[in-house]
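>
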Amino acid sequence: MNCLSPSILSADFANLGDQIRQLDEAGAQYVHIDVMDGSFVPNISFAFPVIKSIRGLTDRMFDVHLMIDEPIRFIDQFADAGADIITVHAEACKHLDRTIEAIKERGILAGVALNPATPLSAIEYVLPKVDMVLIMTVNPGFGGQKLIPYTIDKVADLKKMIEKTGTKADIEVDGGINLENCTKLMDAGANIIVAGNAVFSGEIGENVCRFLDILNG
Ligand SMILES: O=C(CO)[C@@H](O)[C@H](O)COP(=O)(O)O
32 MNCLSPSILS ADFANLGDQI RQLDEAGAQY VHIDVMDGSF VPNISFAFPV
82 IKSIRGLTDR MFDVHLMIDE PIRFIDQFAD AGADIITVHA EACKHLDRTI
132 EAIKERGILA GVALNPATPL SAIEYVLPKV DMVLIMTVNP GFGGQKLIPY
182 TIDKVADLKK MIEKTGTKAD IEVDGGINLE NCTKLMDAGA NIIVAGNAVF
232 SGEIGENVCR FLDILNG
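To convert, note that position 133 of the sequence shown is 164 in our numbering; the numbers rise steadily by one, no gaps.
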């Protein structure tokens, strides 16, 4: 199934609750929550208190993307705050396998993310253990960037790798995705589309519906 995961990094934080309700009512299946620590990426966003405070507003999947160093230190807090899926960066974990196990021990879904320049071989051995692979289509840290074209080939290569190994991970893509380039990523094999600016600029409900029309073919 193809799903939309709007990134609330691009939301109006003064009206966050209302904007999350708009996503929910329009049918977005996931809420993408970007956590940044100012170390792994050159920006700082928000963390547990914000996630906890919006958890009661929707039953949609909370898709928590940790752009933080050594995320294993905080898995329990993010699970307690209400994450349904926690995605960690392969580049940020000294012990990636142990970190994935720590997420799974909490009974939630585990994802692994790769920066644009990181080869797929970095996740070869953990692929059977994860529920989702997140291919960054921009360098992480900021919303509103332009998609890096070579990442589309990377998605296609990941799709082949998943098929060849008989594994079942979803493929999520994130960064610079809009109504114009979204189909290319789906054709390459992505089935979970993250979009920030393209959802939150203008009329949120209408933007979600336009994405869902594309995702539903
Ligand atoms: O993780 C990130 C950025 O690091 C993304 O989730 C962006 O927040 C997506 O925003 P757009 O590129 O779609 O505006």
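Here a beta-carbon is modelled for each residue, glycine too, at the ideal position from N, C-alpha and C.
1. For the beta strand (DSSP E) containing THR118, name the first residue and the last one.
2. On the DSSP bridge list, what partners appear for CYS34?
3. Could you give the DSSP three-state label for PHE77: helix, strand or coil?
4. ILE245 lies in the beta strand (DSSP E); which residues open and close that run?
5. Looking only at DSSP bridge pairs, what is GLU203 linked to?
6. If I'm right that VAL225 touches ILE208 with Cβ under 8 Å, what's the distance once you round it to whole angstroms?
7. Between PRO171 and ligand 1, is the CB less than 7 Å from at least one heavy atom?
8. Any heavy atom of ligand 1 within a distance shorter than 7 Å of the CB on ALA60?
9. Pick helix, strand or coil for GLY142, following the three-state DSSP scheme.
10. Report yes if the C-beta distance between ALA221 and GLU194 is below 8 Å; otherwise report no.
11. By the three-class DSSP mapping on this structure, what secondary structure does ASP49 have?
In brief:
1. Where THR118 is concerned, the enclosing beta strand (DSSP E) stretches over 116 to 120.
2. ILE223
3. coil
4. Taken as a continuous stretch (DSSP letters only), ILE245 belongs to no beta strand (DSSP E), being part of the alpha helix (DSSP H) at 235 to 246.
5. According to DSSP, GLU203 bridges with LEU165 and ILE223.
6. 7 Å
7. Yes - ligand 1 has a heavy atom lying nearer than 7 Å to the Cβ of PRO171.
8. At residue 60 the sequence reads Gln, which differs from the Ala that was named. Shortest gap from the CB of GLN60 to any heavy atom of ligand 1: 7 Å or more.
9. strand
10. Cβ atoms of ALA221 and GLU194: not closer than 8 Å.
11. It is helical.
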